[in-house]
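So the number in the working numbering is just where the residue sits in the sequence shown, counting from 1, plus 61. Notes for the one structure printed next.
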Amino acid sequence: MLSFYLLMIDTDKDKIKFEKLYIQYRRLMHYIADNILHDDCLAEDAVHTAFIKIIANLDKIEDIDCHKTKAFMVIVVENVSKNIYVSRNKHNTISFEDIPFEIADGVDELESLMSDLSIAEIAAKIETLSELDSEILMMRYIHELTNKEISRLLDVKDTVVRKRLERARQRLAALLEKEGGYCGEKSPC
Numbered sequence: 062m063l064s065f066y067l068l069m070i071d072t073d074k075d076k077i078k079f080e081k082l083y084i085q086y087r088r089l090m091h092y093i094a095d096n097i098l099h100d101d102c103l104a105e106d107a108v109h110t111a112f113i114k115i116i117a118n119l120d121k122i123e124d125i126d127c128h129k130t131k132a133f134m135v136i137v138v139e140n141v142s143k144n145i146y147v148s149r150n151k152h153n154t155i156s157f158e159d160i161p162f163e164i165a166d167g168v169d170e171l172e173s174l175m176s177d178l179s180i181a182e183i184a185a186k187i188e189t190l191s192e193l194d195s196e197i198l199m200m201r202y203i204h205e206l207t208n209k210e211i212s213r214l215l216d217v218k219d220t221v222v223r224k225r226l227e228r229a230r231q232r233l234a235a236l237l238e239k240e241g242g243y244c245g246e247k248s249p250c
């Protein structure tokens with residue numbers, strides 16, 4: 062299967078990088094997919110789809126042994142697996158994510174609260190949020206992916222990514238305000 066993926070990559074440098082990623086993370090990715098899907102064949106499909114998505118974003122990966130890379134690989138395979146699970150068990154219901162929304166202006170407040178924190182402190186705060194919130198914020202701010210790149214990786218609409226980011230930012234801002242003793246405009250509570 063590795064040779065199939067390598068045919069999709071142009072440069073030798075990227076081929077070497079991907080080969081190392083594949084060897085290091087394929088078992089972990091399969092394990093995660095199998096835990097979600099409880100079906101070995103579907104888990105293989107999920108890992109395959111995840112690797113194709115990762116190839117499209119190979120330039121975002123710098124250090125293969127970094128915890129950031131491992132988290133990225135896990136997030137991608139988890140979301141692909143969840144999408145497969147949902148599509149196999151779909152009911153005729155409307156998801157809250159498909160409901161139209163208005164974009165809020167809460168981003169400035171969050172950025173002002175985050176400006177006083179280091180990357181490590183921000184990452185630690187993000188990890189205390191729910192899995193959905195932490196994944197989307199990590200992809201956006203730690204991995205520096207665009208909304209469009211996130212939507213492709215998670216296989217959801219761009220509007221869903223924007224809404225998830227908006228909600229996650231609001232929850233992170235509330236957490237920072239609560240823990241930092243700030244209320245709104247960085248004034249002490």
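Glycine included, C-beta positions come from ideal geometry on N, C-alpha and C.
### Task
Just the C-alpha distance for Y66 and I113, rounded to the nearest angstrom, thanks.
7 angstroms
### Task
Please work out which residues of its chain come closer than 6 angstroms, Cβ to Cβ, to D159, disregarding the five sequence neighbours upstream and downstream, and give them in chain order.
Residue confidence for D159 is low, a pLDDT of 44 falling below 50, so the modelled location carries little weight and cannot support an answer.
### Message
Could you tell me the alpha carbon to alpha carbon distance between L236 and L68, rounded to whole angstroms?
### Response
46 angstroms
#### Entry: Beta-carbon proximity check, A25 vs S142, cutoff 9 angstroms
No answer is possible for residue 25: it lies beyond the span of the chain, which begins at 62 and ends at 250.
### Query
Run through DSSP, which three-state label would C102 get?
If DSSP states are grouped into helix, strand and coil, C102 belongs with the helices.
### Query
In whole angstroms, what separates the C-alpha of A229 from that of K81?
The C-alpha of K81 is placed about 33 angstroms away from the C-alpha of A229.
#### Entry: Limits of the alpha helix (DSSP H) - the one that L215 falls within
Per DSSP, the continuous alpha helix (DSSP H) segment holding L215 begins and ends at N208 to L215.
### Rounded straight-line distance, which links the Cα of I70 to that of T220
30 angstroms
### Task
Would you list, in sequence order, the uninterrupted alpha helix (DSSP H) runs of no fewer than 4 residues that lie entirely inside the segment 63 to 141?
63 to 68, 73 to 98 and 101 to 117
### Task
Measuring alpha carbon to alpha carbon, tell me which of K239, E238, M199 and E240 ends up nearest R225.
Taking only the C-alpha atoms, the option nearest R225 is M199.
### Query
What is the rounded straight-line gap between the Cα of I125 and the Cα of L193?
Their Cα atoms are separated by approximately 24 angstroms.
#### Entry: Check whether V222 and I197 have beta carbons under 9 angstroms apart
yes
### C-beta contact flag for L215 and N144 at 9 angstroms
yes
### Message
Is L89 close to the ligand SAH? I mean its beta-carbon at under 8 angstroms from any heavy atom of the ligand.
### Response
Among the components of this structure there are no ligands whatsoever, and the ligand SAH is therefore not found.
### Message
Among Y202, S64, E123 and E139, whose alpha-carbon lies nearest the alpha-carbon of H91?
### Response
E139
### Query
For L119, which of R201, K76 and M62 has the nearest alpha-carbon?
Checked all of R201, K76 and M62; the closest Cα to L119 is K76.
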